[in-house]
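Engineer: Chains as they are written, first to last, in the numbering used here: chain C, 13 to 126; chain U, 5 to 117. Let me give you the structure first, and then I'll get to my questions.
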């Protein structure tokens, strides 16, 4: 049973527009959430995170929103750029990030068209 | 070198072969991990090592045998694999008990024929 779900396998957007990537989780113990970005032939790299004590975290063009009651988070990229084309993984962990055990979703492939 | 380095980048092996994947980190971390990424599946945690001791084995079949001789090196020994074991195997490292600074290697693309 998947604890972290990324139900849409892919998303295609035009350069300059907003990209919204969604993630749902089922485990109530999760209280720290991360997004990773993966280019082909490279390992995932950390992008942005959010603690359950917040509902929004922003870093430049990237914003993550957390809705605890719905067990849902989303990553917004504004404006989207062709270099953002990659696979994005949502991940969750308990204990406020004090655990090294990350649970990942399947990933979503984002394509940003010039 | 810096970061987490995995070798080889690609590996094709027969079901009766024995091979090993290698992971090396130069980040001063004391926890290392093996993950498996199969097509259309989540990244699956296989093994966790803290200070060279295995602390987690996520019900991984015995045909996968990890080895951690020191905090900087991690191996995954493979024998009598099945075609369904074909996947991207990712190594990662961090400080124990923390996801901050969690760093992945580029992975080994394994094909079992």
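Glycine included, each C-beta is placed from N, C-alpha and C at the ideal position.
1. Which word fits residue 98 of chain C, buried or exposed, when buried means at least 16 other C-beta atoms lie within 10 angstroms of its C-beta?
2. With 9 Å as the threshold, decide whether the Cβ of residue 117 of chain C is near any Cβ in chain U.
3. Roughly how many whole angstroms lie between the Cα atoms of residue 13 of chain U and residue 113 of chain U?
4. Return helix, strand or coil for residue 107 of chain C, following the three-state DSSP convention.
5. Between residue 94 of chain U and residue 109 of chain U, how many whole angstroms is the CB-CB distance? I'm expecting something under 8 Å.
6. Just mark residue 67 of chain C as buried or exposed, buried being the case when its beta carbon has 16 or more other beta carbons within 10 Å.
7. Residues of chain U with CB under 9 Å from residue 16 of chain C, in chain order?
8. In terms of DSSP beta bridges, what is residue 71 of chain U paired with?
9. Measure the CB-CB distance between residue 69 of chain U and residue 82 of chain U and report whether it falls below 9 Å.
10. Starting from the Cα of residue 33 of chain C, find the closest Cα among C:42, C:15, C:78 and give me that residue.
11. Just checking: is the beta-carbon of residue 98 of chain C within a distance shorter than 9 Å of some beta-carbon in chain U?
12. Could you list the residues in the segment 43-60 of chain C with a C-beta less than 9 Å from some C-beta on chain U, going in chain order?
13. Measuring only the C-alpha atoms, how far is residue 53 of chain C from residue 111 of chain U?
14. Touch check for the segment 49-56 of chain U and the segment 30-37 of chain U: three-plus C-beta pairs under 8 Å?
15. How would you list, in chain order, the residues of chain U whose beta-carbon sits under 7 Å from the beta-carbon of residue 101 of chain C?
16. Could you have a look at residue 43 of chain C and say whether DSSP puts it in helix, strand or coil?
17. Touching or not, the segment 39-47 of chain C and the segment 20-28 of chain C, by the rule of three or more beta carbon pairs under 8 Å?
18. Determine, using beta carbons only, whether residue 60 of chain U comes closer than 9 Å to chain C.
Structural biologist: Taking the geometry as given:
1. Under this definition residue 98 of chain C is a buried residue.
2. Using a CB distance cut-off of 9 Å, residue 117 of chain C counts as an interface residue toward chain U.
3. Going from the Cα of residue 13 of chain U to the Cα of residue 113 of chain U covers about 6 Å.
4. In the three-state scheme derived from DSSP, where H, G and I count as helix and E and B as strand, residue 107 of chain C is classed as helix.
5. Cβ atoms of residue 94 of chain U and residue 109 of chain U come within 8 Å of each other, at about 6 Å.
6. So residue 67 of chain C ends up on the exposed side.
7. Contacts between residue 16 of chain C and chain U, judged by CB atoms closer than 9 Å, involve 46 in chain order.
8. According to DSSP, which records beta bridges pairwise, residue 71 of chain U is partnered with U:79.
9. Yes, they are a contact pair.
10. For residue 33 of chain C, the nearest C-alpha among the options comes from C:78.
11. For residue 98 of chain C, the closest Cβ of chain U is not nearer than 9 Å.
12. So the list reads 44, 46, 48, 50, 53, 54, 55, 56, 57, 58, given in the order they occur along the chain.
13. If I take the Cα positions, the gap works out to 8 Å.
14. By the Cβ test, the segment 49-56 of chain U is in contact with the segment 30-37 of chain U, since at least three Cβ pairs between them sit closer than 8 Å.
15. The answer, in chain order, is 47.
16. In the structure shown, residue 43 of chain C sits in a strand (DSSP, three-state: E or B).
17. Segments in contact, no.
18. Yes, its Cβ sits closer than 9 Å to a Cβ of chain C.
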